[in-house]
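Asks: Counting in my numbering, the sequence shown runs from 1 upward without gaps.
Pasting a structure below so you can have a look.
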Amino acid sequence: MADCGSAMMAEAERSAETLKEKANNYFKDKDYENAIKYYTEALEINPDNAIYFGNRSLAYLRTECYGYALADATHAVELDKNYIKGYYRRATSNMALGKFKAALKDYETVVKVRPNDKDAKMKYQECSKIVKQKAFERAIASDELKRSVVDSLDIESMTIEDDYCGPKLEDGKVTLTFMKEMMKWFKEQKKLHRKCAYQILVQVKEVLAKLPSLVEITLKEADKITICGDTHGQYYDLLNIFELNGLPSETNPYLFNGDFVDRGSFSVEVILTLFGFKLLYPDCFHLLRGNHETDNMNQMYGFEGEVKAKYTPQMFELFSEVFQWLPLAQCINGKVLVMHGGLFSEDGITLEDIRKINRNRQPPDSGPMCDLLWSDPQPQDGRSVSKRGVSCQFGPDVTRKFLEQNKLEYIIRSHEVKAEGYEVTHAGKCITVFSAPNYCDQIGNKGAYIHLRGSNLIPEFHQFTAVPHPNVKPMAYANTLMQLGMM
Ligand SMILES: [Mn+2]
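Right, dumping it as structure tokens:
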């Protein structure tokens, strides 16, 4: 009997291994969904294998499910205290969630176990640097109300060198000619003069700061607006949207629904173009904040590094100030509510509650502001723990109740890559739109944008595919720990 039992065990282990191999192959092909599916099946047969948990953790990291990645990595190191990759993956998950101290603890463990491992030491030191820097930032933040970078700038006296032949604002103002020249200039991978970049930033901060946290607009019968999802530094795909759908104008309004920066290595170009159009058409060109218009994300996913590489640390600080003034949601004709992430961790939140959010800050770890930037829909009723490890997942019943209470018809959100560029869920009440095709040069997804007309508010979906971009890879400016942790 014992023999028979152990033979069955061996058989089960073999079939789990086969499933793992299958998952590994999907992983190599960057099909993370199927990789996760087969690691999960392997784990159902053999739940004591640290490597299965470790591998699935990495697949979750790649799909931005940091909450699940963290749980799997934790399982892995619990099963095998010497499984170094498990510590690395848990550290990466924590870094991605902005929990730098927790990450440091894991790097410390690895350094202790492997005192001669140079790579481990480097990661430990890099993470330690971030923890110290964060502690320093907290110290000065509590010391006194932080001064604005704007007060320390003397833009007037910045000189534009004679050999600069790029676009300049006209009498300090953004014009359509300037915008066209700037887009062309960026397309040729040239840098906007820092004076012009500062002019745009200072002016757009003023414009955004005057807006409420919930922007409300009315489309007339004949009006149409285009709603775009995440663009994530994919500048050439942004230009393609304008190519396909026309340049923004008073008769061609747009709403960009957050996550303009990070990951893609042309984030500076994307954001300066979007801010330029905001200045040119303040009432017809709309921008909402995404979870990536935040310091923690920018530090890990490239935007901070990119601004520092193309300009200065000081300019990044100003970007951060401007991002804090981006509105959090937009209501169209009192019927359609648009936000980057989604609905709330608790029942009963009203439009009035959104209006009242004091948004000029880094988003808190929980509460309505956090939910608007971070939550995701789920197919089953109720709410669940977030796969991302931040905010929650909300079901169709949550959406229905929220819409009823606020007399809305449906919501449009972004925040998740979708194969078709968009997805309609919750019986048509929750729409996702994502506008970064072939996300990170990896996913192979389409991009999409939505047309909404004042006459009927029925969403019309338009899909598009990725266009080529110059040979600068996504994440080129991201924190090295993030790059390494994803390997
Ligand atoms: Mn997002």
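Cβ coordinates follow ideal geometry from the N, Cα and C atoms, glycine included.
For K30, which residues in the same chain have their Cβ closer than 7 Å to its Cβ, ignoring the five residues on either side in sequence?
Replies: Residue mapping note: residue 30 aligns to position 30 of the sequence shown, counting from 1. Excluding positions up to five away in sequence, the list reads Q442.
Asks: Please find out if some non-hydrogen atom of ligand 1 comes closer than 7 Å to the beta-carbon of D291.
Replies: To locate residue 291, count along the sequence shown from 1; it is residue 291. A small correction: the amino acid at residue 291 is Asn; Asp does not occupy that position in the sequence shown. Within the cutoff, so yes.
Asks: Within the continuous beta strand (DSSP E) that includes R413, where are the two ends?
Replies: Numbered from its first residue, the sequence shown carries residue 413 at position 413. Per DSSP, R413 belongs to the beta strand (DSSP E) from Y410 to R413.
Asks: If you measure between the beta carbons of T74 and R56, is that distance less than 8 Å?
Replies: Locating residue 74 in the sequence shown gives position 74, where the first residue counts as 1. Locating residue 56 in the sequence shown gives position 56, where the first residue counts as 1. No; because the gap between Cβ atoms is not below 8 Å, this pair is not in contact.
Asks: Leaving aside the five residues before and after P474 along the sequence, list all residues of the same chain whose C-beta is less than 7 Å from its C-beta, in chain order.
Replies: Here residue 474 is taken as the residue at index 474 of the sequence shown, counted from 1. Excluding positions up to five away in sequence, the list reads R263, G264, S265, C440 and D441.
Asks: Which residue comes first and which comes last in the beta strand (DSSP E) that contains E423?
Replies: By one-based count along the sequence shown, residue 423 stands at place 423. Y422 to T425 is the extent of the beta strand (DSSP E) around E423.
Asks: Could you give the C-beta distance for L201 and L318, rounded to a whole number, given that I count them as a contact under 8 Å?
Replies: By one-based count along the sequence shown, residue 201 stands at place 201. By one-based count along the sequence shown, residue 318 stands at place 318. The pair is a contact, with the Cβ atoms about 5 Å apart (cut-off 8 Å).
Asks: Mind checking whether the beta-carbon of H340 lies closer than 7 Å to any heavy atom of ligand 3?
Replies: Ligands displayed in this structure: ligand 1; ligand 3 is not among them.
Asks: For R361, count neighbouring Cβ atoms within 10 angstroms of its own Cβ and tell me buried if that reaches 16, exposed if not.
Replies: Indexing the sequence shown from 1 puts residue 361 at position 361. The residue in question, R361, is exposed, as its Cβ has fewer than 16 Cβ neighbours within 10 Å.
Asks: Quick check on the burial criterion: 16 or more other C-beta atoms within 10 angstroms. Buried or exposed for N305?
Replies: Position 305 of the sequence shown, counted from the first residue, corresponds to residue 305. It should be noted that the sequence gives Gly, not Asn, for residue 305. Label assigned to G305: buried.
Asks: Figure out for me which residue from I332, D365, P364 and E161 has the closest Cα to the Cα of L351.
Replies: Within the sequence shown, the letter at position 351 stands for residue 351. With distances taken between Cα atoms, L351 lies closest to I332.
Asks: Could you name the residues that DSSP lists as bridge partners for H340?
Replies: For the purposes of this step, residue 340 is taken as the residue at position 340 of the sequence shown. Answer is none; H340 lacks a bridge partner.
Asks: So what's V204 in DSSP terms, helix, strand or just coil?
Replies: Translated into positions along the sequence shown, residue 204 becomes position 204. DSSP places V204 in helix when its eight states are reduced to three.
Asks: So, using beta-carbon positions, are G229 and V433 closer together than 8 Å?
Replies: To locate residue 229, count along the sequence shown from 1; it is residue 229. To locate residue 433, count along the sequence shown from 1; it is residue 433. For G229 and V433, yes; Cβs fall inside 8 Å.
Asks: Ignoring anything shorter than 4 residues, give me the alpha helix (DSSP H) runs that lie fully in the stretch 458-485, in order along the chain.
Replies: Entirely contained in the stretch 458-485, the alpha helix (DSSP H) runs reaching 4 residues are, in chain order, 480-485.
Asks: Does the beta-carbon distance from D347 to K429 come in below 8 Å?
Replies: Taking the sequence shown and counting its residues from 1, the one referred to as residue 347 is at position 347. Taking the sequence shown and counting its residues from 1, the one referred to as residue 429 is at position 429. Not closer than 8 Å, so no.
Asks: Report yes if the C-beta of H415 is less than 7 Å from at least one heavy atom of ligand 1; otherwise report no.
Replies: Here the question's residue 415 lines up with position 415 in the sequence shown. Yes, the beta carbon of H415 sits closer than 7 Å to at least one heavy atom of ligand 1.
Asks: Are the Cβ atoms of G395 and Y88 separated by less than 8 Å?
Replies: Within the sequence shown, residue 395 is the residue found at index 395, counting from 1. Within the sequence shown, residue 88 is the residue found at index 88, counting from 1. No. Outside cutoff.
Asks: Is V131 buried or exposed, if buried means 16 or more other CB atoms sit within 10 Å of its CB?
Replies: Reading the sequence shown from its first residue, position 131 is the one you call residue 131. Exposed: under 16 other Cβ atoms inside 10 Å.
Asks: Which full runs of the beta strand (DSSP E) of 3+ residues lie inside the stretch 147-226, going along the chain?
Replies: List check, beta strand (DSSP E) in window: 214-217.
Asks: Can you tell which of T92, V150, S148 and R114 has its C-alpha closest to the C-alpha of E126?
Replies: Your numbering for residue 126 matches position 126 in the sequence shown. Considering only alpha carbons, the answer is T92.
Asks: Tell me, which residues are paired with G447 by DSSP?
Replies: Here residue 447 refers to the residue found at position 447 when the sequence shown is read from its first residue. For G447, which the question treats as bridged, DSSP gives the partners F464.
Asks: Could you name the residues of the same chain whose beta carbon sits closer than 7 Å to that of F316, not counting the 5 residues immediately before and after it, in chain order?
Replies: Here the question's residue 316 lines up with position 316 in the sequence shown. Answer for F316: E304, V307 and K308, listed in chain order.
Asks: Indicate whether N257 and H340 have their beta-carbon atoms separated by less than 8 Å.
Replies: Sequence index remark: in the sequence shown, residue 257 carries index 257 (1-based). Sequence index remark: in the sequence shown, residue 340 carries index 340 (1-based). In this structure, H340 lies closer than 8 Å to N257 by Cβ.
Asks: For a test of your reading of the model: does the CB of D230 fall under 7 Å from any non-hydrogen atom of ligand 1? Yes or no.
Replies: To locate residue 230, count along the sequence shown from 1; it is residue 230. Yes, Cβ of D230 sits closer than 7 Å to a heavy atom of ligand 1.
Asks: So, with DSSP's three-state summary, where would you put T350?
Replies: As a position in the sequence shown, residue 350 is number 350, starting the count at 1. Of the three classes helix, strand and coil, the one that applies to T350 here is coil, per DSSP.
Asks: Report yes if the CB atom of S386 is closer than 8 Å to the CB atom of G342, and no otherwise.
Replies: Taking the first residue of the sequence shown as 1, we reach residue 386 at position 386. Taking the first residue of the sequence shown as 1, we reach residue 342 at position 342. Their beta carbons are not under 8 Å apart, which means S386 does not touch G342 by this criterion.
Asks: Closest to M491 by C-alpha separation, out of T294, E420 and F464, would be which residue?
Replies: Beyond the ends of the chain as shown, which are 1 and 487, falls residue 491; an answer cannot be given.
Asks: Skipping 5 residues on each side, what residues in its chain have a beta carbon closer than 7 Å to that of G444?
Replies: Here residue 444 is taken as the residue at index 444 of the sequence shown, counted from 1. These residues qualify, in order along the chain: N438.
Asks: Rounded to whole angstroms, how far is the Cβ of G67 from the Cβ of G302, which I believe are closer than 8 Å?
Replies: Counting from 1 along the sequence shown, the entry for residue 67 is found at position 67. Counting from 1 along the sequence shown, the entry for residue 302 is found at position 302. Between G302 and G67 the Cβ distance is about 22 Å, and since that is not below 8 Å, they are no contact.
Asks: So G447 and D237 are supposed to be a Cβ contact under 8 Å. How far apart are they, rounded?
Replies: Position 447 of the sequence shown, counting from 1, holds the residue named residue 447. Position 237 of the sequence shown, counting from 1, holds the residue named residue 237. That belief holds up - the Cβ atoms of G447 and D237 are roughly 6 Å apart, short of 8 Å.
Asks: Going along the chain, which residues of its own chain have a beta-carbon closer than 8 Å to the beta-carbon of E170, five neighbours each way excluded?
Replies: Residue 170 sits at position 170 when you count from the first residue of the sequence shown. The residues are T177 and F178.
Asks: Could you name the residues that DSSP lists as bridge partners for P377?
Replies: Start at 1 with the first residue of the sequence shown, and residue 377 comes out as number 377. According to DSSP, which records beta bridges pairwise, P377 is partnered with F394.
Asks: Return the CA-CA distance between H469 and I225, expressed in angstroms with no decimal places.
Replies: Within the sequence shown, residue 469 is the residue found at index 469, counting from 1. Within the sequence shown, residue 225 is the residue found at index 225, counting from 1. Cα to Cα, H469 sits roughly 27 Å from I225.
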